[in-house]
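K.L.:
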């Protein structure tokens, strides 16, 4: 799906930038550029380019020789390029490197899945060059979010089974020795993937998970003081709550010693999954902007929202029986007999039970299986709500 040019006055300048990149870096001509729908973190474009003339004696450049990039095939004519959005609120100094490093790991993680679902990267430039960009393979398929609701129950089960298999592979992955602790990802001078700052502002690298959250907390406090909406919460009792959370983060609970640094996509949801409606296959997992090294629990604070598996701020649901029941079920386990047949509004219980079934079948660590996830959830959502991203992002205000 494409975006209307009239709603995007800077689109012509960005399109010319794309044409210049493809010509200068790869020696190829661009025949069409179309803005793709998606989030506000990046400007994403589909790009059609000329194929290489096999009979020509002059061969254009096919690679930029960077970590994580591979040669642009002579036959490649359909690509995706992602341009940094300076108003995204992300840490643009590291976002592109983090994205590329995440894709390298994800490609390795998901190689046993049976078909490639992570796009190849043909080149990139970090944000500190003036405008960050990533040129990628364009995988087949449409966003799963556009088709999922119209699928039959049997087709949904098959798709959920594939999602569960992908999720299980991500959870099981053991990070390379060059990655230590928690935070975002980047490259050292030898091209090895190492831990660095997160693209989500304010965290890492840290050796302990609790320190990552402490850094997020301080960043959110600082942002809230700059925000005209909340003004640092100065006229409320929230600063007292902040100090209590800070004290909790300063102590190390026994369960925290069991946490393992884990690859977190942090936007693992149907809008970032590509789908072939004819074959019923997931064909891609995209958008690695928020990816980082966290704990097993962290994925559930960012992801699977459209499938009802996001572990939200539990106290918020105390006066909403359906949402309270869903939150309790995620944390403590679903009573399938009691919940089967309940009305599917406002909570889609049929889908929630299907997701739980498919995750359990392949052995995914569900929220109920993760020690202290409720405590981690309380910490995450308190920190997040001190200064939610939409308070700072121009496009959301």
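In the numbering used here, the protein residues as written are 3 to 399. C-beta atoms are modelled at their ideal positions from N, C-alpha and C, and glycine is treated no differently. If you're wondering where the values come from, they're calculated on a predicted model, not measured in any experiment.
Do residue 163 and residue 360 have their C-beta atoms closer together than 8 Å?
P.N.:
yes
K.L.:
Can you give me the Cβ contacts of residue 299 inside the same chain, cut-off strictly under 7 Å, excluding the 5 residues immediately before and after it?
P.N.:
Hits under 7 Å: 372, 375 and 378.
K.L.:
Leaving out five residues on either side along the sequence, give the residues of the same chain with a beta carbon under 7 Å from the beta carbon of residue 194.
P.N.:
180
K.L.:
By the three-class DSSP mapping on this structure, what secondary structure does residue 90 have?
P.N.:
coil
K.L.:
Would you decide whether residue 4 is buried or exposed? Buried here means 16 or more other CB atoms lie within 10 Å of its CB.
P.N.:
Only weak support is given to the placement of residue 4: the predicted model assigns it a pLDDT of 48, under 50, and the question is left unresolved by the model.
K.L.:
Among the candidates 314, 99 and 303, whose CA atom is the shortest distance from the CA of residue 190?
P.N.:
Nearest C-alpha to residue 190 among 314, 99 and 303: 99.
K.L.:
Please name the residue, chosen from 15, 231, 326 and 352, that lies closest to residue 341 on a Cα-to-Cα basis.
P.N.:
It is 352 whose Cα lies nearest to the Cα of residue 341.
K.L.:
Using only the alpha-carbon positions, how far apart do residue 212 and residue 168 sit?
P.N.:
27 Å
K.L.:
Sort 204, 29 and 32 by Cα distance to residue 91 and report the nearest one.
P.N.:
204
K.L.:
By the three-class DSSP mapping on this structure, what secondary structure does residue 124 have?
P.N.:
strand
K.L.:
What does DSSP give as the partner residue(s) for residue 37 in the beta ladder?
P.N.:
47
K.L.:
Which term fits residue 217, buried or exposed, when burial requires 16 or more other beta carbons within 10 angstroms of its beta carbon?
P.N.:
Classification of residue 217: buried, given that the 10 Å Cβ count is 16 or more.
K.L.:
What is the DSSP secondary structure of residue 275, reduced to helix, strand or coil?
P.N.:
strand
K.L.:
Let's see if you can read the secondary structure: which residues bound the alpha helix (DSSP H) around residue 351?
P.N.:
351-364
K.L.:
Have a look at the DSSP bridge pairing and note the partners of residue 115.
P.N.:
DSSP lists no partner for residue 115.
K.L.:
In or out: residue 226 buried (at least 16 other Cβ within 10 Å) or exposed?
P.N.:
Counting Cβ neighbours within 10 Å, residue 226 comes out buried, since at least 16 surround it.
K.L.:
Return no unless some Cβ of chain D is closer than 8 Å to the Cβ of residue 274.
P.N.:
Annotation note: the requested chain D is absent from the structure, which comprises a single protein chain.
K.L.:
May I have the straight-line CA-CA distance separating residue 18 from residue 27, to the nearest angstrom?
P.N.:
14 Å
K.L.:
Let me make sure I understand the geometry here. Which of 103, 170 and 208 has the alpha-carbon closest to that of residue 185?
P.N.:
The closest CA to that of residue 185, considering only 103, 170 and 208, is found on 208.
K.L.:
Can you tell me whether residue 11 is buried or exposed, with buried defined as 16 or more other CB within 10 angstroms of its CB?
P.N.:
exposed
K.L.:
Considering just the uninterrupted stretch of the alpha helix (DSSP H) at residue 1, what are its terminal residues?
P.N.:
Because the chain in this structure spans residues 3 to 399, residue 1 falls outside the shown range and cannot be described.
K.L.:
Does residue 151 pass the burial test, meaning 16 or more other C-beta atoms within 10 Å, or should it be called exposed?
P.N.:
exposed
K.L.:
Could you tell me which of 35, 25 and 82 sits nearest to residue 54, measuring between CA atoms?
P.N.:
25
K.L.:
Rounded C-beta distance between residue 82 and residue 49? I'm assuming under 8 Å.
P.N.:
7 Å
K.L.:
Could you tell me the boundaries of the beta strand (DSSP E) in which residue 189 lies?
P.N.:
Under the DSSP assignment, residue 189 falls in the beta strand (DSSP E) whose first and last residues are 186-189.
K.L.:
Once DSSP output is grouped into helix, strand and coil, what is the label at residue 7?
P.N.:
Interpretation of residue 7 is limited by its pLDDT of 47, a score under 50 that renders its predicted location unreliable; the figure taken from the coordinates is listed afterwards. Residue 7: helix per DSSP, three-state reduction.
K.L.:
Can you tell me whether residue 398 is buried or exposed? The criterion is at least 16 other CB atoms within 10 Å of its CB, across all chains shown.
P.N.:
Its pLDDT being 49, under 50, residue 398 is placed unreliably by the model, and the measurement read from it follows with that caveat. By the neighbour-count rule (16 or more Cβ atoms within 10 Å), residue 398 is not buried but exposed.
K.L.:
Check whether the segment 304-312 and the segment 266-274 are in contact - that is, three or more C-beta pairs closer than 8 Å.
P.N.:
yes
K.L.:
Measure the CB-CB distance between residue 77 and residue 51 and report whether it falls below 8 Å.
P.N.:
no
K.L.:
Do residue 130 and residue 95 count as a contact pair if the criterion is CB distance below 8 Å?
P.N.:
yes
K.L.:
Would you identify the three-state DSSP class for residue 249, choosing helix, strand or coil?
P.N.:
helix
K.L.:
How big is the Cα-Cα spacing for residue 7 and residue 30?
P.N.:
In this prediction, residue 7 scores a pLDDT of 47, lower than 50, which makes its location untrustworthy; the coordinate-derived value is nonetheless stated afterwards. Taking the straight line from one Cα to the other gives about 24 Å.
K.L.:
Using a Cβ-Cβ cut-off of 8 Å (strictly less than) and excluding sequence neighbours within five positions of residue 308, which residues of its own chain qualify?
P.N.:
Excluding residues within five positions, the ones whose Cβ falls inside 8 Å are 147, 150, 271, 272 and 273.
K.L.:
What does the Cβ neighbour count give for residue 56, buried or exposed, with the cut at 16 atoms within 10 Å?
P.N.:
exposed
K.L.:
Going by DSSP, what residue range makes up the alpha helix (DSSP H) through residue 139?
P.N.:
Premise fails: residue 139 lies in the beta strand (DSSP E), 135-139, not in any alpha helix (DSSP H).
K.L.:
Quick one: what does DSSP say residue 399 is sitting in, helix, strand or coil?
P.N.:
Because the pLDDT at residue 399 is just 47, under 50, the model does not fix this residue reliably, and the point stays unresolved.
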